[in-house]
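This report refers to the structure that appears directly beneath it.
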Amino acid sequence: MAPNDDVERPRASSAAERQKSIVSMTEFEGMDEYTALQKYILFYRDTRTNPHAEQTTKKKAWWQFWKSGSATAATPIQDAGAVPDDYLNTELRTGLTSSDVEQRRKRYGFNEISSEKTNLLKQFIGYFTGPILYVMELAALLAAGLQDWVDFGVICGILLLNAIVGWYQEKQAADVVASLKGDIAMKATVVRDNQQQTILARELVPGDIVVIEEGQSVPGDARLICGYDHPEDFDLYMKLKAEDKFHDADPEDEKDDDVDEEKFDEENPITQGHPLVACDQSSITGESLAVDKYMGEVAYYTTGCKRGKAYGIVITTAKHSFVGRTATLVQGAQDQGHFKAIMNSIGTALLVLVMFFILLAWIGGFFRHIPIATAREGTDKSVTLLHYALIMFIVGVPVGLPVVTTTTLAVGAAYLAEQKAIVQKLTAIESLAGVDVLCSDKTGTLTANQLSLREPYVAEGQDVNWMMAVAALASSHNLKSLDPIDKVTILTIRRYPKAREILNMGWKTEKFTPFDPVSKRITAVCHMGGDKYVCAKGAPKAIVNLANCDEVTATLYKEKAAEFARRGFRSLGVAYQKNDGDWILLGLLSMFDPPREDTAQTIIEAQQLGVPVKMLTGDAIAIAKETCKMLALGTKVYNSSKLIGGGLTVFPEHKYQVVEMLQQRGHLTAMTGDGVNDAPSLKKSDCGIAVEGSTEAAQAAADIVFLAPGLSTIVLAIKTSRQIFQRMKAYIQYRIALCLHLEVYLVTSMIILNETIRAELIVFLALFADLATVAVAYDNAHSEQRPVEWQLPKIWFISVILGLLLALGTWIVRGTLFIPSGGIIQNFGAIQPILFLEVALTENWLIFVTRGGKTFPSFQLIIAILGVDALATIFTLFGWMSGAPYQTNPPTINSRFRDDGWVDIVTVVVVWAYSIGVTIIIAIVYYLLNRIAWLDTLGRKDRSRKNPAIENMIAALSKLSLEHGKDKHGTTRYVLAPRAVEEEDDE
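In my numbering, the protein residues as written are 1 to 987.
Right, dumping it as structure tokens:
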């Protein structure tokens, strides 16, 4: 137990870490207490120093191709989690039988909180839905109505190919994520088939008898039935249960300050006895003190057992536990998402443009007396207004847009998974790229979540080695589950060899008394030789009141304790009593949760990326201020009434409001969290991040789950997400320009020349564009040094210019074909293949322009582009689907152009050279456009303005924070400053 209310409780370690710690303690069994203690001091290694330990995963069978990730059974339909009373009458000594387990699992499923399962068929069908795809499907129906079966087949083929590629890429990326996430399995000790055995916690069913012991997480909501060493009390439990003596309570009620404890004890007579276990419910309630649990009370799923060992009976599965219900409510809150809104706006704008150009084409067609549905005899059957509409639908709607963007996100998610970041919602990558405020909790993310002992204060005339030895004696020696403060006290002995020698002098512990909230100290009665020692450590005030010391010593002691408090250190007084004599004051231990080694540099790096880090903590302002100093976050620390500077002192209840206020100010906010009470704020934020060691409910609410500790992994993910964003932005600019290119050229050529490119070739142009750019997902992209935004006005402005330049390039080729002596194209060829090749080459190479020149294109992208270019060249050389012999309009076409559709090799080379020149000119224009200052800020949000309504809300939040300043004993636990703490000069 911790010695005083002011001592910070570091976040509980993960179930896997606790399991490792327990296993490593088996070597101490059978040893003398102090021999084991010495060995522990020498050989202890932090299990978290091996972040690369791999999790074992359960693979699915090769033939189960329809299943995603690891093999899991379908979740059966449950009756709202209701468990019949007779299911909870399991005999303690025998437990459930295997047949009982199977029967109950069919009804209640596995004991796990699971997000919505992906239906692979539904996911595949989803690639045929959406505004853009609906238009392409309409185009296919139009082709069928015109009995243009070639176009109908090719359009359907494009739709199917896009769906298959996108579905496969997303599934493959999801499998990578699932294989890494695996089961991150919690284990449970159960009684089944007359024996005690260890199983995965997910295999528990209602009615299972489980063993709950210190150092482990509670594997499911379980009612305590008896102590592990007192199985005979099970009969008493059954008797009281039959008399309905037990009352279910909400975990929030257990921290209610207004509970009348005497009345509560009268209603629940079992609480008059001793507690069976104590559980850390901070992840649920925010209450850091461990909660004592008595017979008949419920130990909640995922809470950590801090002391004691008892039997419990599982009363409900995880999905319907208190934690599970919270996670389910949070999962139910869905929104459209920023990325989907952007895609819909782009798609809608493109559809409006398509309808506009179709209208222009029809107006021009009426003036040229072009038939609506049936072509005139002797002309190409595609020369009708409906065919023009079909062609405009094909060129104006980027069917590959949803697929390429989804594929890019999916491949990016797989890459992030390799960096121990599990993306649970693909669009979170786009949100993370634009994040401009990172709200981080302190413990375990910015700091090491491991208390460190600073240089102690030693009272005058006392020896530091003796003080450290006394502090270690006044600690729990149960090495299986050490309190964080006892643990750091014992391990600090490594720095004091003489203190270790003192501990090796043959000490015996007669009695150990854990932390008492009344006396606020820990005591141990020890013997060495013929002398009796009572060793104590605890709250500074409680210890100084024990000691019989002079006024000068007491004054110095109190001043030092006050200095430690101002610097944010946690203080422990140390004293001892020999042979029932006077208590002797030895000094003070100062403790602090130090920053992680990489945190300060990572914060600087984050600030260079334009992402200021805001530390949200419930600690006292002094502690927050000291941490900010050490991390170069600044020394202006505020309470909940301010949202600027280095840090914020808030409570879990306020995180949601903090996120909401930042969002209303126009910020894209990322929030880190680890507990059940963080789930609403994680869901509310633009990118919710569940940090390493977080609860299952927090993971279910988060968009991204990190398996590696610290802030550096989050900053690395921000860089990666910006690279992914850059790929998507490059593709979207490219695709908009392509749509405008052909729309402008085809409409103007129809109005001026009464001709167009054949529908078959248009379909293949669209297909080639999508095939080539699927590789964009694997391209080498640069990471911007500031938060990225879509800046749609800028994207549209640049894309329109690029599209017009492409159309101009095509018109130059087509226009010079009328020159009698030969224009740019001097050799033999047909009109359709030449235009097809020029359009294919310039459009494919445009992606090299829009991706920017800061990084070299990836091998995959180069191969994809060159492959499509080679295919387009072959189409041109052999005149496939060139439209010959329908070359009757206009009649003045240069005689050099062949009617059989073949194109001379020299002509192909000239078209290649011309297309390269066009691409170079476009690249220069693109570079110059991006150098224009006003264009760089076009479409960027102005986040400097403040809304008065929001400022009023901040004031209300400050008032709310004052209601949470006392614990259930009436003691002030957090200091909330009424104003900002002024910066102090460093000493």
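Even glycine gets a Cβ: it sits at the ideal position worked out from N, Cα and C.
Item                                                                                                                                                            : Value
Just confirm the distance between the C-beta atoms of leucine 386 and leucine 753, as a whole number of angstroms; I'd bet it's less than 8 Å.                  : Contact flag wrong, Cβ pair sits at about 20 Å.
Given this structure, state the Cα-to-Cα distance separating isoleucine 342 from proline 371, to the nearest angstrom.                                          : 39 Å
My assumption, with CB atoms under 8 Å, is that alanine 310 sits in contact with glycine 220. Please give the rounded CB distance.                              : Not quite, the Cβ-Cβ distance comes to about 14 Å (not below 8 Å), so this is no contact.
Just how far apart, CA to CA, sit isoleucine 994 and alanine 575?                                                                                               : The structure shown does not extend to residue 994, since the chain is modelled only from 1 through 987, so no value can be given for it.
Could you name the residues that DSSP lists as bridge partners for alanine 670?                                                                                 : Leu438, Cys687
For methionine 528, which residues does DSSP report across the bridge?                                                                                          : Asp531
Anyone know if the C-beta pair for valine 395 and leucine 742 falls short of 8 Å?                                                                               : yes
Taking only the alpha-carbon atoms, compute the straight-line gap between arginine 566 and threonine 672 and give it to the nearest angstrom.                   : 27 Å
Given a cut-off of 8 Å on the beta-carbon distance, is the pair serine 721 and isoleucine 429 in contact?                                                       : yes
Using 10 angstroms around the beta-carbon of tryptophan 149, count the other beta-carbons present and answer buried if the total reaches 16, otherwise exposed. : exposed
Assuming valine 298 contacts leucine 204 under a Cβ cut-off of 8 Å, what Cβ separation, rounded to an integer in Å, is found between them?                      : The pair is not a contact, with the Cβ atoms about 15 Å apart (cut-off 8 Å).
With a threshold of 16 other CB atoms inside 10 Å of the CB of valine 399, please say whether the residue is buried or exposed.                                 : buried
Quick one: complete alpha helix (DSSP H) runs, 4+ long, within the region 754-832?                                                                              : 759-773, 792-816
Between which two residues does the alpha helix (DSSP H) carrying threonine 406 extend?                                                                         : 401-418
On a Cα-Cα basis, can you pick out the residue from Ala769, Ser749, Ile932, Glu760 that is closest to phenylalanine 797?                                        : Ile932
Measure the beta-carbon distance from lysine 560 to leucine 585 and round it to whole angstroms, keeping in mind my assumption that it falls under 8 Å.         : With a Cβ gap of about 11 Å, lysine 560 and leucine 585 do not count as contacting.
Since tryptophan 583 is in the beta strand (DSSP E), which residue starts that stretch and which ends it?                                                       : 583-592
For the region 432-444 and the region 653-670, state whether three or more C-beta atom pairs, one from each stretch, are separated by less than 8 Å.            : yes
What three-state label does DSSP hand leucine 835 in the structure shown?                                                                                       : helix
Given a threshold of 16 other Cβ atoms within 10 Å of its Cβ, counted over all protein chains shown, does lysine 729 qualify as buried or as exposed?           : buried
Once the 5 residues before and after serine 685 are set aside, which same chain residues still bring their CB inside 7 Å of it?                                 : Val659, Thr669, Ala670, Met671
I need the DSSP call for leucine 1059, collapsed to helix, strand or coil.                                                                                      : Lying before the first or after the last residue shown, residue 1059 is absent from the chain, which here runs from 1 to 987.
Measuring straight from C-alpha to C-alpha, what distance separates valine 354 and proline 595?                                                                 : 57 Å
Quick check on glutamine 336: buried or exposed, where buried means 16 or more other Cβ atoms within 10 Å of its Cβ?                                            : Its pLDDT being 46, under 50, glutamine 336 is placed unreliably by the model, and the measurement read from it follows with that caveat. Glutamine 336 comes out exposed.
Pull up the DSSP beta-bridge partners for isoleucine 490, would you.                                                                                            : Isoleucine 490 pairs with nothing; no bridge assigned.
Check glutamine 601 in the structure and name its three-state DSSP category.                                                                                    : helix
Under the assumption that leucine 989 contacts tyrosine 294 (Cβ atoms under 8 Å), give the Cβ distance between them as a whole number of angstroms.             : Because the chain is modelled from 1 through 987, residue 989 falls outside the range shown and cannot be assessed.
Within 10 angstroms of its Cβ, does serine 99 collect 16 or more other Cβ (buried), or is it exposed?                                                           : exposed
With DSSP collapsed to three states, give me the class of proline 514.                                                                                          : strand
Can you name the start and end residues of the alpha helix (DSSP H) that glutamate 660 belongs to?                                                              : 655-664
Near threonine 492, what residues of its chain come up, given a Cβ to Cβ distance below 6 Å and the 5 sequence neighbours on each side ignored?                 : Leu453
Is the number of C-beta pairs between the region 460-475 and the region 441-450 that are closer than 8 Å three or more?                                         : no
Report the option in Phe515, Ala201, Phe322, Leu861 whose CA atom is closest to the CA atom of serine 217.                                                      : Ala201
Check this for me: beta carbons of arginine 104 and proline 231, under 8 Å apart or not?                                                                        : no
From lysine 425 to valine 868, what distance separates their C-alpha atoms?                                                                                     : 32 Å
Using the Cα positions of valine 83 and isoleucine 795, report the straight-line distance between them to the nearest angstrom.                                 : 57 Å
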